[in-house]
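Residue numbering for the sequence shown follows this note's numbering, beginning at 25 and increasing consecutively. Where is the CB? At the ideal position from N, CA and C, for every residue including glycine. Predicted model, so just to flag it, every value in this text is computed and none were measured.
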Amino acid sequence: MDSNKREVPREIETGFRGWLNRRTGLDTLLRGALDEPIPGGARLAYVFGSGLLFIFLSQIITGVFLALYYVPSADHAHTTVAYITKTVTAGSFLRSLHAYGASAMIVVLFLHLSQTYFYGAYKGRRELLWVSGCALFGLILAMAFTGYLLPWDQRSYFATAVGTNAVSEVPLIGESLRQLMRGGTDMGTLTISRFFVAHVFLIPAFIFALVASHIFLFRKAGAAGPVSEHPFDPKQKTELFYPRQVLMDLSLTALLIIGLGFLAFLAPVQLGPPANPADAQYVPRPEWYYLPIFQWLKYWHGAASVIGILIIPTILVLAIVALPFLDRGIERRPWKRPGAMGAYAFVMFAVVGLGLRSRYVDTHDPGVAQQLSRQKTEEAEYMSKPFEPELSSGSLAAANVALADPLAAKGKGIFEAQSCNACHGDGGVGTVIAPALAGVSAKYSAEQLAELLKHPNAKMTAGGMPAVNLPADDLKALIAYVESLNHGKG
């Protein structure tokens, strides 16, 4: 009998646990998981894999709660996220946990891959283990990208527009890829629907499959152990995964729970105004983990874009994925692998440098800095406002008000004849192009509305609002209709 294997306690062979074990083999599975031998013993450096599993499960749980309220369409996506953030009990906290969890997952996965790289744990018979880990990293980045669009606010819309436009630079198939991602030439309901399906169903399914294969390959190859251990023939004394390594892993999990909880509570994630594709002044900026890529893309234009967007990134990704096949030596100690450590330092310097450069350019360009500050102020103002439910275009209340007032009924015809509904939606419910009109008459008198329609302010003009030139009677009828929308609200 292997001295590292624990005997099955006699008491579990009887009672309910014994009955369950004889039918499921549960105790055998637990012993197989907890009795994993670790060459050289338990270490804090090995905690990142379990931390990743916890964050992934947390993302699933919080994602399910968010999906209970979310509607993936251009008309309702932002409203449902606003409802979650402003009205649902603990909705803002759960949404913040989900958003911060995405960043935490990227950080912990990066640390896990870095620890594997430094320890040379990809050597030996662990090539497929490294490849599956790299694939998981790509899928996590894809999860973050597809989830970023779903709130459908200004920030998410324009950042995703930049990302999908970058794809179009790929030779031959770039434009087709962009249209496939967007569901057409422009971003709208089909874009949200496709990103939602990828974020909630397709990518998680691939992640589940890769996590299962990664764990299987890890158990097959065994723990690599410390850097002094031989990659093919480990000789150091082993220690079982339970209890010391389990306690270390649980310590990281506890830190993640506390850290993410404090972040979500003290600094909830903001939601900006709904997406307005006509806003030509908006300056898009991606999340921090995409900033280096964002800055990199700025340096490549025209014919050279193929080199910067396709060739160089492809060579880099292939070199990273193929690392176990390129580095076949048995030496694992970092100080004995100057080439590998130098390459890591160079890539990290480039990535961090690009991210910092992007921040530096933004803060030292007065125009950009002012616009980014204005955008933050608009986000804060939007978050301070109470939730406003959508007004359905089929609202009987609004229709009855219009029918009861002949002047408003005439105005409804003018509203449609002037194609106002093309931007503001049928019944003035609002679209991604223009805001809802319900409640406008509570802010402006009839005289003020008439002046705004004839002479739109700068913000309205920037959003594409033309001056309305109508006879006085028609303008009065149009205003009466807009005022009736306020009465029909809800």
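| Asked | Found |
| --- | --- |
| First and last residue of the uninterrupted alpha helix (DSSP H) at T111 | It is not in any alpha helix (DSSP H) - T111 carries neither H nor E in the DSSP assignment. |
| Buried versus exposed, by CB contacts within 10 Å (16 or more), V155 | buried |
| Contact belief for A247 with P255 at Cβ below 8 Å, rounded distance in angstroms | Not a contact, Cβ separation roughly 12 Å. |
| From F142, G332, Q442 and A486, residue whose alpha carbon lies closest to that of W359 | F142 |
| Where A426 falls, given that 16 or more other Cβ within 10 Å makes a residue buried | In this prediction, A426 scores a pLDDT of 48, lower than 50, which makes its location untrustworthy; the coordinate-derived value is nonetheless stated afterwards. Buried. |
| DSSP state of I62 mapped onto helix, strand, coil | strand |
| Residue from L279, F161 and A466 with nearest C-alpha to V506 | A466 |
| Reduced DSSP secondary structure (H/G/I, E/B, other) of D303 | coil |
| Span of the beta strand (DSSP E) around L6 | The structure shown does not extend to residue 6, since the chain is modelled only from 25 through 514, so no value can be given for it. |
| Among T184, Q203 and F182, the one whose alpha carbon lies nearest that of S192 | Q203 |
| Local conformation of D210 per DSSP, three classes | coil |
| Backbone secondary structure at P297 - three-state DSSP | coil |
| Contacts around R268, its chain only, beta-carbon distance under 6 Å, and the 5 residues preceding and following it disregarded | A66 |
| Same chain, Cβ closer than 8 Å to I216, neighbours up to 5 away in sequence not counted | P96, S97, A98, A101, L173, L174 and W176 |
| Contacting residues, own chain, Cβ-Cβ under 8 Å from V235 (five flanking each side not counted) | L77, F80 and L160 |
| Alpha-carbon spacing of A183 relative to G75, whole angstroms | 29 Å |
| Identity of the residue in R46, K110, D351 and V492 nearest G148 by Cα | D351 |
| Nearest-angstrom Cβ-Cβ length linking Q83 and H122, presumed shorter than 8 Å | 6 Å |
| Cα-Cα separation between T48 and G144, rounded to whole angstroms | 38 Å |
| Residues that D177 bridges to, as DSSP identifies them | P298 |
| Given L271 as reference, the closest of M365, N493, R309 and F72 once Cα atoms are compared | F72 |
| CA-to-CA distance, Y368 to D386, given in whole angstroms | 27 Å |
| Counted within 10 angstroms of its Cβ, other Cβ atoms place D497 as buried (16 or more) or exposed | exposed |
| Exposure of S180, with buried meaning 16 or more beta-carbon neighbours within 10 Å | buried |
| Assigned secondary structure, L499 (DSSP; H/G/I helix, E/B strand, else coil) | helix |
| Alpha-carbon to alpha-carbon, V131 and A421 | Here the model assigns A421 a pLDDT of 49, short of 50, so the residue's position is not dependable, and the following value carries that caveat. Rounded to whole angstroms, A421 to V131 spans 51 Å at the Cα level. |
| As assigned by DSSP and simplified to three states, the class of G418 | Confidence is the limiting factor: at G418 the pLDDT is only 44, short of 50, which leaves the residue's position unreliable, though a coordinate-based value still follows. Correct three-state label for G418: coil. |
| Nearest-angstrom Cα separation, counted from G353 out to S408 | 59 Å |
| Any C-beta of chain D under 8 Å from that of T111 | Among the chains of the structure shown, chain D does not appear; only one protein chain is present. |
| Which listed residue (A504, E475, K500 and A501) has its alpha carbon closest to that of P490 | E475 |
| Sequence-distant residues of the same chain with beta carbon closer than 7 Å to A220, five excluded per side | Strictly speaking, residue 220 in this sequence is Phe, with Ala absent from that position. Here the set comprises P96 and L174. |
| T140 (DSSP reduced to helix, strand or coil) | helix |
| Alpha-carbon to alpha-carbon, G391 and V224 | 38 Å |
| Straight-line Cα distance separating L241 from Q260 | 21 Å |
| Residues near Y146 by beta carbon distance below 8 Å, same chain, minus five either side | T140, L153, W154, L347, P348 and D351 |
| Status (buried if at least 16 other CB within 10 Å, exposed otherwise) for R119 | buried |
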